[in-house]
Amino acid sequence: MSEAPLVTLERDGHAAWLTINRPEARNALSFPTLNLLRELLAELREDDSVWAVVLTGAGDKAFCAGADLKERRTMPEDMVPQFVRQIRATMDDIAALPQPTIAAMNGHAFGGGCEMALACDLRILDAEALIGLTETSLAIIPGAGGCIRLPRLVGAAKAKELILLARRLTAAEAESIGLVHQLAPAGQTRATAEAMLAALQNNGPLALRAAKDAIDGGLDLAIEAALEHEAACYQRIIPTEDRLEALAAFAEKRAPRFAGR
Ligand code: COA
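Positions in the sequence shown are counted from 1; adding 3 to them yields the working numbering.
Written out as structure tokens, the structure is:
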């Protein structure tokens, strides 16, 4: 019998679901898991038929318990920087996907699991799960973008509290500080993500890509350059069929049918 893949890719219409598939290890990120995840991300990045990507974990215990601490224990010291580069590059690949991304956190998200969610655009968390950048309790630091993305999301003061105290926030606490967008009733993460996907898919898929690019690309620019970047993103969608379809649908008082062209 062949072994189950460490990450699965499932396509459902114009959505793609990536599932970290190591429930017995609480979906911890080992080298082989990251390698496969990066391969699948590279495939999705080039796939115009995919309009949204959901990242989730197998089982009901954890979304992802972060770096694989058992693998790490046996890792020679000189391999550690390579692992950290690989996990960081994975999160950067997630953040760089042109499609909107949803982290559907079906359970706890610690360390690299939380960083994976931070690299997504939208975050859903099971109401009974905990989330946190807990690395300092293991005498390391978040090294896959956590020290950079968390303060941009919740402010430097809050990020310092969470990282320096290695806090494990309840889902309600995480929602109250804006770290997650939506709580899923316990065990209902998939259904909640499907509803969010449906809401996304009411909107023009090329417009979603352009808006994501306008926001992400503008964040670190001076305001004049950021506004120019927004203008360039807008320009890309002017010649699209979907824009004309939306105008026609509005005039005809019907729902638009987008084609992603
Ligand atoms: N790396 C490797 N294995 C991990 C892991 C990790 N990050 N997290 C959990 N596991 C393994 C456990 O060692 C255990 O393996 P075993 O059955 O061989 O003993 C198995 O997953 C189940 O873990 P367990 O702790 O019994 O499950 P739980 O459901 O009670 O708790 C967590 C889940 C996520 C709360 C808990 O495992 C945990 O706190 N993990 C560490 C999270 C962390 O600090 N991550 C930061 C990494 S930088």
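Backbone N, C-alpha and C fix where the C-beta goes; we use that ideal spot for every residue, glycine too.
In this text, all values refer to a predicted model and were calculated from it rather than measured experimentally.
Report task. Can you tell me the Cβ-Cβ gap for ALA169 and THR195, rounded? I've got them flagged as a contact below 8 Å. Result -> Locating residue 169 in the sequence shown gives position 166, where the first residue counts as 1. Locating residue 195 in the sequence shown gives position 192, where the first residue counts as 1. Incorrect: roughly 28 Å between the Cβ atoms, too far for contact.
Requested in this report: Could you have a look at HIS111 and say whether DSSP puts it in helix, strand or coil?
Outcome: On the sequence shown, residue 111 is found 108 positions in, with the first residue counted as 1. Strand, per DSSP.
Query - Counted within 10 angstroms of its Cβ, other Cβ atoms place ASP124 as buried (16 or more) or exposed - result: In the sequence shown, the residue the question calls residue 124 occupies position 121. That one is buried.
Report task. Return yes when the C-beta of ALA120 is under 8 Å from any heavy atom of the ligand COA, and no when it is not. Result -> Here the question's residue 120 lines up with position 117 in the sequence shown. No, the beta carbon of ALA120 sits no closer than 8 Å to any heavy atom of the ligand COA.
Query - CYS123: first and last residue of the uninterrupted beta strand (DSSP E) it sits in - result: Numbered from 1 along the sequence shown, position 120 holds the residue referred to as residue 123. It is not in any beta strand (DSSP E) - CYS123 carries neither H nor E in the DSSP assignment.
Query raised in the report: Which term fits HIS264, buried or exposed, when burial requires 16 or more other beta carbons within 10 angstroms of its beta carbon?
Result: Locating residue 264 in the sequence shown gives position 261, counting from the first residue. Reading off the sequence, residue 264 comes out as Arg, not His. Label assigned to ARG264: exposed.
Query raised in the report: Comparing the CB of ALA61 with every heavy atom of the ligand COA, is any distance shorter than 8 Å?
Result: For the purposes of this step, residue 61 is taken as the residue at position 58 of the sequence shown. No; taking the cut-off as 8 Å, the Cβ of ALA61 has no heavy atom of the ligand COA nearer than that.
Query raised in the report: Of all the options TRP54, GLY60, ALA174, ASP63, which has the alpha carbon lying nearest to the alpha carbon of ALA199?
Result: For the purposes of this step, residue 199 is taken as residue 196 along the sequence shown, with counting starting at 1. First, the amino acid is wrong: residue 199 is Met here, not Ala. Nearest C-alpha to MET199 among TRP54, GLY60, ALA174, ASP63: TRP54.
Query raised in the report: With a cut-off of 8 Å, do at least 3 Cβ pairs link the segment 51 to 71 to the segment 199 to 208?
Result: Judged by pairs of C-beta atoms under 8 Å, the segment 51 to 71 touches the segment 199 to 208, as three or more such pairs exist.
Requested in this report: Could you name the residues that DSSP lists as bridge partners for ALA32?
Outcome: As a working note, residue 32 is residue 29 in the sequence shown. As written in the sequence, residue 32 is Leu, which differs from the Ala given in the question. BP columns for LEU32 point to ALA70.
Query - Contacts around ILE23, its chain only, beta-carbon distance under 7 Å, and the 5 residues preceding and following it disregarded - result: Your numbering for residue 23 matches position 20 in the sequence shown. Closer than 7 Å at the Cβ level, and outside the excluded window around ILE23, lie VAL10, ASN30, THR36, GLY60, ALA61, CYS67.
Query raised in the report: Tell me the DSSP bridge mates of ARG14?
Result: Locating residue 14 in the sequence shown gives position 11, where the first residue counts as 1. Answer is ALA19.
Query raised in the report: From ILE134 to LEU247, what does the alpha carbon distance come to, in whole angstroms?
Result: For the purposes of this step, residue 134 is taken as residue 131 along the sequence shown, with counting starting at 1. For the purposes of this step, residue 247 is taken as residue 244 along the sequence shown, with counting starting at 1. A direct Cα-Cα distance of roughly 43 Å separates ILE134 from LEU247.
Requested in this report: My understanding is that LEU128 touches ALA177, with C-beta atoms under 8 Å, so please give their C-beta distance in whole angstroms.
Outcome: Residue numbering aside, residue 128 sits at position 125 when the sequence shown is read from its first letter. Residue numbering aside, residue 177 sits at position 174 when the sequence shown is read from its first letter. Their Cβ separation, rounded to whole angstroms, is 6 Å, which keeps LEU128 and ALA177 in contact under 8 Å.
Report task. List the whole-angstrom C-beta distance separating ALA65 from GLY116, where the pair is believed to meet the contact cut-off of C-beta under 8 Å. Result -> Within the sequence shown, numbered from 1, the residue matching residue 65 stands at position 62. Within the sequence shown, numbered from 1, the residue matching residue 116 stands at position 113. That pair is a contact at about 7 Å.
Query - Through-space distance from GLY16 to PRO259, alpha-carbon basis - result: Against the sequence shown, residue 259 aligns to sequence position 256. Against the sequence shown, residue 16 aligns to sequence position 13. Those two C-alpha atoms are separated by around 17 Å.
Query raised in the report: Applying the criterion that 16 or more other CB atoms from any shown protein chain within 10 Å of the CB defines a buried residue, is PRO8 buried or exposed?
Result: In the sequence shown, counting from the first residue as 1, residue 8 sits at position 5. Taking all protein chains shown into account, PRO8 has fewer than 16 neighbouring C-beta atoms within 10 Å of its C-beta and is therefore exposed.
Query raised in the report: With respect to the beta strand (DSSP E) encompassing ILE151, which residues constitute its N-terminal and C-terminal limits?
Result: Against the sequence shown, residue 151 aligns to sequence position 148. That residue, ILE151, is in no beta strand (DSSP E); its alpha helix (DSSP H) goes 149 to 157.
Report task. With DSSP as the reference, label LEU172 as helix, strand or coil. Result -> Within the sequence shown, the letter at position 169 stands for residue 172. Looking at LEU172 - three-state DSSP - the assignment turns out to be strand.
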